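Before any comments, here is the structure.
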Ligand SMILES: [Zn+2]
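In the numbering used here, the protein residues as written are 65 to 328.
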């Protein structure tokens, strides 16, 4: 899928988790619901860091282009090093290492560890990176062009500062789910894991599938391209994505958010 559909699916997924959490007695205070949805919308773009035309690779100027090159090379090396006889030869790293459950778990765990070990600046950095991505993803057409980058960064920085201030107030959820002293913001890893997994599932629905299960082998392949039966798949950016899936994500997200806040 393309950036906007990935972002929307990420936000909708977190709002769905919010509804499930409310139903099981772990209801999210609204700042957690909102911040989590934005982080998840941003995290749902992150696996494409292995592709230089992707939103995330352009979102932070030369820095993200440089990281993208490293990630692409690393992914390609891991692919070559772990491929079984049934895996095809390929020329780049796109849709390999960063599109697996293991990568999702690692960056989610890393985010939680950073939030736990770091101070307020670590939380602000996590918020900033994901808000830039969420804005780029959700405001697709409005953020084209390099001149908009600085505005997006400023908007994300201000929003991160405000959100962190709101979350820090008592009862606003800095310690949601993990309530012991010192576990504030441990939950920040959850929308990051969820966003990456939702991205992988979205890519699995497209023609080429997604090797989510790596390194668990399936038959003669270790990079088995998981996906539904061929007739249910579509091309990235096709009308199915724009006219069917994106409106569906919006409706599901709206219903999920309303249920999470006990409005319905
Ligand atoms: Zn992808």
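No residue lacks a Cβ here, since even glycine has one placed at the ideal position from N, Cα and C. The structure presented is a predicted model; accordingly, all values stated were derived computationally and were not measured.
C-alpha gap between residue i and residue j, whole angstroms
i           : j           : result
residue 104 : residue 190 : 12 Å
residue 247 : residue 178 : 12 Å
residue 92  : residue 203 : 26 Å
residue 302 : residue 296 : 13 Å
residue 155 : residue 134 : 15 Å
residue 267 : residue 239 : 33 Å
residue 151 : residue 139 : 15 Å
residue 283 : residue 298 : 25 Å
residue 214 : residue 306 : 28 Å
residue 245 : residue 300 : 45 Å
residue 199 : residue 110 : 13 Å
residue 47  : residue 70  : Residue numbering for the chain in the displayed model covers 65 to 328; residue 47 lies beyond these limits and cannot be assessed.
residue 141 : residue 160 : 10 Å
residue 312 : residue 269 : 15 Å
residue 174 : residue 129 : 21 Å
residue 127 : residue 146 : 29 Å
residue 74  : residue 252 : 14 Å
residue 233 : residue 264 : 35 Å
Limits of the alpha helix (DSSP H) - the one that residue i falls within
i           : result
residue 130 : 125 to 146
residue 265 : 253 to 268
residue 194 : 184 to 202
residue 213 : 213 to 231
residue 276 : Element bounds for residue 276: n/a, residue is neither H nor E.
residue 315 : 310 to 324
residue 81  : 67 to 87
residue 94  : 94 to 107
residue 171 : 165 to 181
Cβ shell of residue i (< 8 Å), same chain only, five flanking positions each side left out
i           : result
residue 228 : 184, 187, 188, 191
residue 166 : 278, 279
residue 224 : 188, 191, 192, 195
residue 97  : 78, 79, 82, 321, 324, 325
residue 119 : 67, 109, 112, 197, 200, 201
Neighbourhood of residue i by C-beta distance below 7 Å, restricted to the same chain and skipping five residues each side
i           : result
residue 320 : 76, 79, 80, 82, 83
residue 237 : 92, 93, 95, 96, 231
residue 289 : 272, 273, 274, 275
residue 148 : 281, 284, 285, 286
residue 90  : 241
residue 216 : 196, 199, 200, 207
Near ligand 1: residue i beta-carbon under 7 Å from a heavy atom
i           : result
residue 111 : yes
residue 136 : no
residue 122 : no
residue 159 : yes
residue 236 : no
residue 163 : yes
residue 194 : no
residue 232 : no
residue 151 : no
residue 213 : no
residue 183 : no
CB contact below 8 Å: residue i versus chain B
i           : result
residue 223 : The structure shown contains no chain B; it holds only a single protein chain.
Close beta carbons around residue i, own chain, < 6 Å, minus the five adjacent residues each side
i           : result
residue 100 : 78, 255
residue 168 : 257, 260, 261
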